[in-house]
Structure formats: C-alpha cells, structure tokens
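Structure first, commentary second.
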Amino acid sequence: MLTYWWQVYRANLRASWAMMAQYRMVVLIWALWGFVGPLVSLAVWTATASARGGPVGQGGASFSTADFAAYFLLFMIYGHITMSWDVFEFAYRVRSGSLSPKLLRPLHPIHEDAASNIGFKLFTTTLLIPIWAAIYLMLRPSPPTSYWWIPASLPSLALAAVMRYVLQYVLAILSFWTTRIDAVNQLYFTLDSFLSGRVAPLALLPGGMAAAAQATPFRYMGSFPVEVALGKLTPQQVLTGMAVQIVWLAAALLLLRWAWRAGVRQYSAAGA
Amino acid sequence: MACQISLEKLSKTYRVTERSAGAAAAFHSLFHRTYKEVHAVRDISFTLDEGEVVGFLGPNGAGKTTTLKMLAGLLHPSAGTAQVLGHTPWRREHAYLRQISLVMGNRNQLLWDIPAMDSFLVNQAVYRIPEAEFRRTVDELVELLDLSELLRKPVRNLSLGERMKCELAASLLHSPRVLFLDEPTLGVDLTMQGRIRAFVAEHNRRTGATVLLTSHYMADVTALCKRVIVIHHGTMLFDGGLDDLAQRIAPYKLVKIDVESPEAAARAAVFGNVVEVDGVRVTLQTPKAEAAATVGRLLAELPVVDLTVEDPPIEQVIGQVFAAEAGETPQAC
Chain A
210 MLTYWWQVYR ANLRASWAMM AQYRMVVLIW ALWGFVGPLV SLAVWTATAS ARGGPVGQGG
270 ASFSTADFAA YFLLFMIYGH ITMSWDVFEF AYRVRSGSLS PKLLRPLHPI HEDAASNIGF
330 KLFTTTLLIP IWAAIYLMLR PSPPTSYWWI PASLPSLALA AVMRYVLQYV LAILSFWTTR
390 IDAVNQLYFT LDSFLSGRVA PLALLPGGMA AAAQATPFRY MGSFPVEVAL GKLTPQQVLT
450 GMAVQIVWLA AALLLLRWAW RAGVRQYSAA GA
Chain B
546 MACQISLEKL SKTYRVTERS AGAAAAFHSL FHRTYKEVHA VRDISFTLDE GEVVGFLGPN
606 GAGKTTTLKM LAGLLHPSAG TAQVLGHTPW RREHAYLRQI SLVMGNRNQL LWDIPAMDSF
666 LVNQAVYRIP EAEFRRTVDE LVELLDLSEL LRKPVRNLSL GERMKCELAA SLLHSPRVLF
726 LDEPTLGVDL TMQGRIRAFV AEHNRRTGAT VLLTSHYMAD VTALCKRVIV IHHGTMLFDG
786 GLDDLAQRIA PYKLVKIDVE SPEAAARAAV FGNVVEVDGV RVTLQTPKAE AAATVGRLLA
846 ELPVVDLTVE DPPIEQVIGQ VFAAEAGETP QAC
C-alpha cells in the first residue's frame, strides 16, 4: 500500500515539476509574492520600534527591531512552507467542468493537488534559500534562545502545513455550492492575516483579538511553529500547542470528508 | 455472453433557476427565485452484453451525455437503477472506476502544458499498471494510433485530432472493460475520424471491451455499431439492429434513374414520390413492397439509361426519427 502511495505521489510530483519548468518565471513570481505580507509588516513594526526608541510591548512579550526581524523572517520561510492556493484552482475546475475527468479516476483529487503543492515548495524553496539568506544578512535578526528550537519546531511546522492545506481544501469544496467562492476566501484570508500573526505577533494584539487567535485554528497554522522556533514557548506549551494542532487537524479531516461527499453529491445532482 | 450494463427506468431531472432578462428581473430574483424542472432523461431501460459496441444516438439535448455521465458515475440519477460490471456507478467505488473509461470529445484529462507521456505515467501509477504491461500497452497504442511523434510534445501544441488520439490512448492504458465514448470524433477531420473509428473497432476486437458510443457522425455509427439505441427528449425511441432501424422507421427504397431527356425526367413523378431531380437524373422514393413493380413500370414506360435501387441513407433515417416527436414515431420500443 505504501508503495502505491509513493508511486502516485512520485508520478504527480514529476508531472508538477515538468509543468513548473514550463513556466519558471511565473512560478518564481508566485513564490516571491509570499514575501510581500511579512516584509510590509516588518517595515511597519520596525518603524514603530524606531519611533518609540525601544522595544514594542511589555515584559516577555516585548519586541525589539531585531526581534521583529527574526519573527517576520521566520514567518516568511514557514509561511512559504505552509502556503496553499487550491481555492482558486478548484473553483475554476467546478465552473468549467474540468473537475469531471478527475472524478473519473480511482483516486481522490486531493492527492494530485497535494503532490502539486509539495512539488511547488520543493521547486521554489531551492530558489528562495539564497534570497532568505540575503535577507538574514541584511536584517541581522536576534537569534533564538537556543538553535535547537529550530529542528524542534519542524513537527509543529508539518502539522501547520497539513492543517492549512486541509482547511483550504474544505474552503475550496464550497465551490460546489457557490461558483463565486472568491468573496468567502477573501474573508478567510483577512481573518487569517490578523489571527495567524502575519500582520503582527499575537502577543501585541489587543486582548480580545489575542483571545480570539487562541480559540481559532489560525494561530496553529501560522505563528505557533514560529514561536516554537524562536524559543518563546516552554516545552509544556509546545506539547500543548501540538496537541491542539492535532485536534484541529482531526476536525478539519472530518469536515473535509463530510464536505467532499456532500459536495460531490451536489455537483453530480446539478450536472457534472 | 454476460450482461455488463443494465439500466432500469433510469431518469434524471435537473432543477434550474429561471428569470427574465433585464435589471428589474435580476433584482426580483434576489428575493424570489423561480425554478424549472428539466427532464433530461426519462425512464430509460436497456442492457448491453460483454463485447458489444452500441451506438447511442440522438440530437443535441436528447439526454445522451447525461446518460453516459450517470453510467460513468459522474451524475446521480433522480430515479431508477443501473448496474455496470456489477457496480452501482454513482457510488464511484475505486474498484469500479478502475474498470471503466469515459472519453468526452470536449473535455481533457491530459495535463495541458506537458507532453502526453507525462500524463500516461501518472495514469500508470493511479491505475496500478505493472511496468511491463504499461510498456506493452503504450507500444500497441503508439502503433495503432500512430502516436510516436506526438507523445513528447506538450499537449497544448497538438492539433484537435492529435489530442483526441492521445486522450483515447490515455483512457485505454488501464485496459477498461467498459468504454463510454462521447463524441470521440468531434471537430476532427475526415482522415482522423477514419483512424479513430478503425482504432476503436480494433480495440474492441482485441480486448473484448464493451463500448457505448455517442456521435453526430453517422459514419462512426455505421462503421462500428451493429446495434443502436435512439433517444429523443430524454425518452428512448428505438433499441435494435442498425438494419432494423431503417426497416422499421423508413420502410421504403430509393430508385435512382438516368433517362434520355429532361422531358422524360419530368414524367417520372407518376411512378413515385420524387425526392430529387438533377437534369436527366431522378431519385424516386417508393414503398419497399412496391419497389419491384415500380422498377418494372419505369423500365417499360420511360427511356431509362441507368437504374439503381438503394436503401435510404442512415442519416436520412435518423433525421426522420429526430424530426418526429417522441411517441409519434413509427416504431417506439
């Protein structure tokens, strides 16, 4: 069985690389697009810290210019690894009917899409490493409390990537019911920007928003692995956070299963 | 032979929104939607045996593609049952999907930006085709469809006909036991149509796959199908041999004569229903039972230079079926 999945993912990875090789520049531009959010946030917060003439925030939740640089650089890298864009692709397939040939295969289309997502990241990460290194040298971010926190953050990063992917796919599946999913996705993206820590570290958010961030899945798909990598959390907090990630992931998978079945039924009732 | 496809009173009704044109109607529809039921397929029943190649005919909007999509598992029916290879298609079990293929002339399964061979390799993994079998099948398909020059080019650079050949090949890599072909020669030139037809016939002969084919090109049907099912307005009108269709729906012969002068051609009308006059050539339509007597009278009373008796072309027969409303045709099954 494992051999089967290995072969399926390998074949789809090859195909996705072949497609990306056809459009190298477009792929690179897409990859660079992920820089925009964290760089803008970094510029704003660095300016704020400079204007105040010292760290922003209080106590353990205070950020100096170098702390902001470390946070947003890691957010940029981890954000690239967890990014997902299936909503646009999927909605187009439903609208145009090009989903039908995929439904005729004895394989859930999510596997082909997930392989393409992994392929994109493997392809672009090699191109982005020198750019990330250059940004690191320019910004001189503050180091983590221990460099061991970086490998320790990888399991939470993997969970964040899978969580984000599955939830984006659930959102994509809504295209079965509405052909204009863009508005829903825009709302999701706005909430995600604030509550995942992309706009500001969650410790700096006002009380109500910080509490909302804890209660929603966004933090666990965004800033949580970054916080782990920077050594801002205790081992107990890391383990609790990963348990929360697993619970959210299980809920997202159940939702995916239900939404897919209902969605395909809707699609096939309306005229595939 | 074992029955592989069986439908019992299969129906599909779509519920579609309806509104008049204009801004006022658009505003009104925000608060009050009007729905209309469209009966795409009504109470269709038939069976297909293993290895049969059957033509599924009907004009645009008759319900052919809807039926094929239900049988391939893409659509849920509104009523009725169907079994294909012992499976209920719309459950879409992987064990079922591995044994069928649906080729749609207006849909692509091949990845657009890369060579078809890359899509073939993805299909090899998805359908679990062993390496040796995959190589053998690809070699056969390359030979039969003349694909050697095409498999390394990006699909987007292929002509429509070339792409359709690659689509067909991709659909057959896993050797499906049942093949649904929906307009496989749509938009393809005559030479390519002939090639695709010959290929489907050869594939059926070699593998014994059951084929249900829709096409607007009667040449596809006459070349491949001994049996046809005719559907119109979602209702089945005929199920039987292609020869029977002509016999039952159009029980007449066409008598074509060349006479010595246009004046003689003008006198031909008294011998039967004149279908066409072209100078000294006249085509008459006469009931089958009276064909021999009509020929005798023509030879005796007109200066006939040449004479042939033919069955009406199948296009004409089908056209007659489509022109008639459901239930009013000479032979409904």
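Chains as they are written, first to last, in the numbering used here: chain A, 210 to 481; chain B, 546 to 878.
Beta carbons: idealized from backbone N, C-alpha and C, even for Gly.
(message) By the DSSP assignment, the beta strand (DSSP E) with Q830/B in it spans what residues?
(response) 826-832
(message) I want to know whether the stretch 647-660 of chain B touches the stretch 727-734 of chain B - three or more CB-CB distances under 8 Å.
(response) yes
(request) Assuming C770/B and V598/B form a contact by the criterion Cβ under 8 Å, report the distance between their Cβ atoms to the nearest whole angstrom. (result) 5 Å
(message) For a contact defined as C-beta to C-beta under 8 Å, what are the partners of A617/B on chain A?
(response) L313
(request) With 9 Å as the C-beta to C-beta threshold (strictly closer), list the residues of the stretch 286-315 of chain A near chain B in chain order. (result) G306, S307, S309, P310, K311, L312, L313, R314, P315
(request) Using only alpha-carbon positions, find the residue among E582/B, E835/B, G817/B that is nearest to V827/B. (result) G817/B
(request) Enumerate, from N- to C-terminal direction, the unbroken alpha helix (DSSP H) stretches of 4 or more residues contained entirely within the stretch 597-684 of chain B. (result) 609-617, 639-642, 661-671
(request) Scan the stretch 221-287 of chain A and note each continuous alpha helix (DSSP H) run of 4 residues or more that stays entirely inside, going in chain order. (result) 233-261
(message) Tell me which residues of the stretch 741-756 of chain B have at least one Cβ-Cβ distance to chain A shorter than 8 Å, keeping chain order.
(response) none
(message) Less than 8 Å between the C-beta atoms of S590/B and L552/B, yes or no?
(response) yes
(message) Against chain B, does R223/A count as a neighbour if the rule is that its beta carbon must be under 8 Å from one of theirs?
(response) yes
(request) Taking Q654/B as the query, report the chain A residues whose CB atoms sit under 7 Å from its CB, ordered along the chain. (result) P310
(request) Check each residue of the stretch 631-643 of chain B: if its Cβ is closer than 9 Å to any Cβ of chain A, include it; give the result in chain order. (result) W635, R637, E638, H639, A640, Y641, L642, R643
(request) Measure the alpha-carbon distance for A370/A versus V453/A and round it to whole angstroms. (result) 14 Å
(message) If I measure Cβ to Cβ from K698/B and keep anything under 7 Å in the same chain, skipping five residues before and after, which residues do I get?
(response) P660
(message) What does the alpha-carbon distance come out to for the pair F398/A and R233/A?
(response) 26 Å
(message) Here's a check: name, in chain order, each residue in its chain whose Cβ is nearer than 6 Å to the Cβ of V265/A, leaving out the five neighbours to either side.
(response) T257, A258, F272
(message) Beta-carbon within less than 6 Å of D401/A's beta-carbon, same chain only, minus the 5 sequence neighbours each way: which residues are those?
(response) F427
(message) Looking at chain B, is there any beta carbon in it that lies within less than 8 Å of the beta carbon of A240/A?
(response) no
(message) Taking the straight line between their C-alpha atoms, what separation do you get for S405/A and G431/A?
(response) 5 Å
(message) 8 Å is my cut-off, CB to CB: does Y672/B come that close to chain A?
(response) yes
(message) Please list, in chain order, the chain A residues whose beta carbon lies closer than 9 Å to that of D910/B.
(response) A query on residue 910/B cannot be resolved here, the shown segment of chain B reaching from 546 to 878 and no further.
(message) What does DSSP give as the partner residue(s) for R772/B in the beta ladder?
(response) V599/B, G786/B
(request) Could you have a look at R560/B and say whether DSSP puts it in helix, strand or coil? (result) strand
(message) Out of T626/B, V854/B, A746/B, V820/B, which one is the CA nearest neighbour of G596/B?
(response) A746/B
(message) Within a Cβ cutoff of 8 Å, which residues of the same chain sit near G785/B, ignoring the five residues on either side of it in sequence?
(response) R772, V773, R793, C878
(request) Report all residues from its chain with a CB closer than 6 Å to the CB of A919/B; omit the five preceding and five following residues, and keep chain order. (result) Given that chain B is displayed from residue 546 to residue 878, the structure contains no residue 919/B and the question cannot be resolved.
(request) For L593/B, decide whether its Cβ has a neighbour in chain A, counting only Cβ atoms nearer than 8 Å. (result) no
(request) Give the straight-line distance between the Cα atoms of A571/B and T579/B, rounded to the nearest whole angstrom. (result) 12 Å
(message) Give me the chain B residues within the contact set of V217/A, using Cβ-Cβ distance strictly less than 7 Å, ordered along the chain.
(response) A670, V671
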